[in-house]
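Just so you know, the sequences run in chain order A and B.
Numbering (the working numbering) for the first sequence: 6 to 368.
Numbering (the working numbering) for the second sequence: 4 to 623.
Okay, so here's the structure we're looking at.
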Amino acid sequence: MTALGILLVLVLLLVVFGLLFRLQILTSIFSGSSNREIGTSNRVNAILFLVFLVVGGAAFAWSFADSFEAMNPPIASVHGHALERMFWTTMVILGIAFVLTQVLLFVYSYKYQYREGRRAFFFAHNNKIEIIWTLIPAVVMAALVFAGWKEWTRITGPAPKDSVVIEVMGKQFGWLARYPGRDQKLGVVNYRLIDASNDFGLDLSDQSSLDDITFSSGDLHIPKGHPIMFKIRSRDVLHAVYMPHFRVQMYAVPGMPTKFWFTPTLTTEEMRAKTGNPDFNYEMACNQICGKGHFAMKMRVIVEEPEDYIAWLSQQKSFSSQNPEILANLKQKARNQKTVGAALPAAGPAATAAVQTATPASL
Amino acid sequence: MAANIPTNAQAQGGIGVSVPHTEHDEHLHHDEHHEQSFISKYVFSTDHKVIAKQFLITGIFWAILGGTLSSLFRLQLGWPESTLEWLTPVLGKWVEAGKLNPEFYLALVTMHGTIMVFFVLTAGLSGTFSNFLIPLQIGARDMASGFMNMLSYWFFFVSSVIMFSSLFIETGPASAGWTIYPPLSALPQAISGSGAGMTLWLVSMALFIVSQLLGGVNYITTIINLRTRGMSMSKLPLTIWSFFLTAVLGLLAFPVLFSAALLLIFDRSFGTSFFLSDIYIAGQALPNTGGSPILFQHLFWFLGHPEVYIVIMPAMGMVSEIMATNARKPIFGYRAMIGSLLGISLLSFVVWAHHMFVTGMNPFLGSVFMFLTLIIAVPSAVKTFNWLATLWRGNIRFTTGMLFSIGFVSLFISGGLTGIVLGNAALDIQMHNTYFVVAHFHLVMGSSAFFGLFAGVYHWFPKMFGRMMDEKLGYIHFWLTFLGVYLVFLPMHYVGIAGFPRRYYSWTGFDTFSQFADLNKFISVAAILAFFAQFVFIFNFFYSIFRGRRATENPWQSNTLEWTTPIVPGHGNWPGAIPAVYRWPYDYSKPGAETDFIPQNVPFSQTQSSNMPYEREMAD
């Protein structure tokens, strides 16, 4: 019934509009304005352009100022601050160009609206100004490119040797993390070994994989003030590690490991105090369309003081110690194949021991 | 005046290809009176003007559909918590318990992008105006091959039918984003839209590319070979230059997309591993190794980036033309305009990887592409300054076409500037795939190109249908749209700067992306209102075809050749001889001239009073 009512209202509205349209045509025919080449509407449009410039410009300025804080979430990485400065410097330069060109566009539109008897100025070209306004953007661009290039090479350059290496892996739909353990080496993985219990496809026949600590869910812990090197993988489709607070983004590509390093500057606690939000948390999102759950692919990131981080890490158990049956199977297989246990020294207990003091020397 | 000019041999040669037995132009005149069946006149027509209208009307259909899809997902983004139960009659099973299915949401954004970029702004815009204006403005009877031209439309039509039908299949249409990055687009296990929907997408695109190539070859051949006497390349209207370069871009870039699509079809159906490697999905490790998903992105963007210029360049050309006509001034820096089009065309082939800064591509490559990308801002800036200089000290008539042209420049500036942020690899780390990107390209290539399209339709409607569109409705349409576009896309930058990722069904799961719920609602309202404003145009368009005020021969007092044809030109365009061309198309408000415009076909000998010193010798 309401639907019918709405439909009826719509139809009536359309009829009204139709009649108004017809009336408008008839009046313009009777008033003769339809025969005049340039009527009052020319002036109205010219004024509207000016109004658009003034009112629109003011509304833009107001809304920008109003949203400024919301569009600037706090930054918590060293390169993030540099990027932030560069972003707003660029925006100021662009803002000047924006205001200048838009003002000229609308002011010219208003000022040079049609006037009877006036003739436009025949002005086909002028090499001098054309060269000038080719060179100015070229110089500005060169400066921006140079600044961007310097920052880009620094960010993507080699990570410091003492970086904390963590592997982040994307899957539909969640993030997984792996810490290298005491040996500071991420063990060999093979995607064919992935199954319900072995999310990473960790190959335990590799020595260095025995002390690897894996997380299939939960939070990602990283220490403050230390370069962190993410080694990024995907095991199914494309994903992208995206952590806006740290200005970190890198695709996770199946078959092609990628990396990104950064240095967090504020712990989660410090950030909570700074933002006055006791529930604040850093988050890692996926920023490359990956399927149905793309929008919900999230991992919480906890930044801690280095000593808290070490304390936390030493509590964690290695994958091999948590999944003794995989190791046992492997040993069984090795024994069956009579390939001698040389490849597998009594790794289980050793690995566990290793994690007890799992502290990268650098910390 | 035109009738006195001897027929030109070149143009006749052209007719020989498309219209048989035209030894003399007189015959052609009689041809018009031959009874043509409805089918050969309006359906399988070889007349470039009819084909142009076919492209336009198909494009309008697609634009309505593409806009509807965007309204649907804006509903979801604006009101993520509310029920969409009332859409069940239309969307059926894609609404589950009042909620939009997240995969269908992705299908909506995918199809919106595909439809708008390819079917509306490539086929609808350049297909319409390249077809319509090239023969008319260069003084040719028709395209070099009318038959190929017809094929071009019908390939597009079949491609459209296939793409449209994919909306209705069980597993849903393609939903891996309009960029269809594998492995998501290659594996039906990954998303249901990558099943039959993706197959139809690929088949449709393959046919679409064939259509583009048939059209492009024709446009280039026609422009090079069938120009009328006197129409040297340096006397071409900027529209023709832009269509010419657009066709060249399409011809060089589309085959690469074809190869990408083909390889993807191989990966999907024949077990190859071009783009697939080391994948464990749906509880199963796939046998594919050694492929690279990044390779696909290189192939895709090798088309994808020139594609945005394929979309925007025809609009630039038309805006230049319309702006000069209505400012009653020569376009400022005609040669610089051509030069910047050439520069953009060249550079557009060497900037593609700026879409891939954070894909794990070698950072050195990133540096190279950042450098090349920011260079492309220079010709774009030159064009903008030239448009501004064209308005300066003009005598502007605000026809609807002119309003949209001014709107085009405004949007092109607003959207183009933020490209300088995104072209900077370092800044792109944060901005990549956020709403900042969405806002940027919707302004600079989406809305601007649409404004170019509207400007073109309003301006050349009298030549297309012999009637005028209603000006008042045009004004209403312009102001609502102009306002709407800014209300949608300016605030969208704020959302992007805050880091909101695109292609998110909802942001409510993240604290980081929670602060802009109101702004998103606002954007949705503005977007839906702006969409509804387009129906003013649709009404105006179809009403005016039948009931619009009758047009005069040259309603805008323009200089280009199309306005020397009869009000409704028949097949062959000029009943008599094709006029010859003596001057460039921008002799507006020339000092000493009687009128404020001198059409291209007026010889210098008839305009002694206004000839420039260097033109005097040409007058003899």
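By construction, the Cβ of each residue, glycine as well, lies at the ideal position given by its N, Cα and C atoms.
Give the interface partners of residue i over in chain B, defined as CB-CB distance under 7 angstroms, in chain order.
i: A:K297; result: P105, E106 and I194
i: A:Y247; result: P504
i: A:T263; result: G363
i: A:Q293; result: N436
i: A:A301; result: G512
Classify residue i: buried if its beta carbon has 16 or more other beta carbons within 10 angstroms, exposed otherwise.
i: A:A66; result: exposed
i: B:Q192; result: buried
i: A:A201; result: exposed
i: A:D284; result: exposed
i: B:L136; result: buried
i: B:Q140; result: buried
i: A:I160; result: buried
i: B:S168; result: exposed
i: B:Y45; result: exposed
i: B:E106; result: buried
i: A:H86; result: exposed
i: B:D28; result: Low local confidence applies: a pLDDT of 45 at B:D28 is under 50, so the model's placement there is unreliable, and no value is given.
i: A:W266; result: buried
If distances are taken between C-alpha atoms only, which option among the options comes closest to residue i?
i: B:W355; options: B:V314, B:G286 and B:Q300; result: B:Q300
i: A:A164; options: A:T106, A:P232 and A:G153; result: A:P232
i: A:K93; options: B:F516, B:G595, B:N427 and B:H308; result: A quick correction: the sequence has Trp, not Lys, at residue 93 of chain A. Here the closest residue by C-alpha is B:N427.
i: B:R331; options: B:I601, B:S612 and B:Q609; result: B:I601
i: A:L105; options: A:A75, A:T139, A:L58 and A:D208; result: A:L58
i: B:A250; options: B:L217, B:K386, B:F335 and B:S408; result: B:L217
i: B:F407; options: B:P296, B:H445, B:V322 and B:M234; result: B:V322
i: B:S398; options: B:K593, B:I341 and B:N104; result: First, the residue type needs correcting, since residue 398 of chain B is Asn and not Ser in the sequence shown. The shortest C-alpha separation from B:N398 is found at B:K593.
i: B:T113; options: A:L332, A:Q337, A:Q321 and A:C295; result: A:C295
i: B:H357; options: B:L349, B:S561 and B:L368; result: B:L368
i: B:F246; options: B:A288, B:G130, B:Y617 and B:I423; result: B:G130
i: B:P83; options: B:W510, B:L344, B:L476 and B:A384; result: B:W510
List, in order along the chain, the chain A residues whose C-beta lies closer than 9 angstroms to that of residue i?
i: B:W482; result: N50, L53 and F57
i: B:M373; result: V150, G153, W154 and W157
Going by the beta-carbon positions, is the gap between residue i and residue j smaller than 9 angstroms?
i: B:P465; j: B:P240; result: no
i: A:F300; j: B:Y507; result: yes
i: A:Q254; j: B:Q518; result: no
i: A:G179; j: B:I282; result: no
i: A:L191; j: A:V169; result: no
i: B:T567; j: B:W577; result: yes
i: B:L425; j: B:V488; result: no
i: A:Y117; j: A:A125; result: yes
i: A:Q3; j: A:A257; result: Lying outside 6 to 368, the shown extent of chain A, residue 3 of chain A is not represented and no answer is given.
i: B:N389; j: B:M448; result: no
i: A:T268; j: A:E309; result: no
i: A:Y119; j: A:L55; result: no
i: B:S197; j: B:S207; result: no
For a contact defined as C-beta to C-beta under 9 angstroms, what are the partners of residue i on chain B?
i: A:A182; result: Near A:A182 there are no residues of chain B at all, since even the closest Cβ is about 17 angstroms away, more than 9 angstroms.
Give the interface partners of residue i over in chain A, defined as CB-CB distance under 7 angstroms, in chain order.
i: B:A429; result: L88, M91, G153, E156, W157 and I160
i: B:A288; result: Y196, R197 and I199
i: B:R230; result: Correct list: empty, because the minimum Cβ distance to chain A is about 22 angstroms.
Please list the terminal residues of the continuous alpha helix (DSSP H) segment that includes residue i.
i: A:M146; result: N132 to T161
i: B:Y184; result: That residue, B:Y184, is in no alpha helix (DSSP H); it is neither H nor E in DSSP.
i: B:Q300; result: P296 to A330
So residue i contacts chain A; which residues on that side make the cut at Cβ distance below 8 angstroms?
i: B:L493; result: F65 and S68
i: B:T387; result: T106
i: B:E474; result: S46
i: B:W355; result: Correct list: empty, because the minimum Cβ distance to chain A is about 16 angstroms.
Counting along the chain, where does the beta strand (DSSP E) carrying residue i start and finish?
i: B:M621; result: Note, B:M621: premise wrong, no beta strand (DSSP E); not H, not E.
i: A:H86; result: Note, A:H86: premise wrong, no beta strand (DSSP E); alpha helix (DSSP H) at V83 to K116.
i: B:P258; result: Note, B:P258: premise wrong, no beta strand (DSSP E); alpha helix (DSSP H) at L241 to S272.
i: A:Y247; result: H244 to M248
i: A:P228; result: L225 to P228
i: A:K393; result: For chain A, the structure presents residues 6 to 368; residue 393 of chain A sits outside this window and is missing.
i: A:I233; result: I233 to S239
Chain B partners of residue i, CB-CB under 8 angstroms?
i: A:G260; result: L279, S280, D281, I282, T292, G293, G294, S295 and P296
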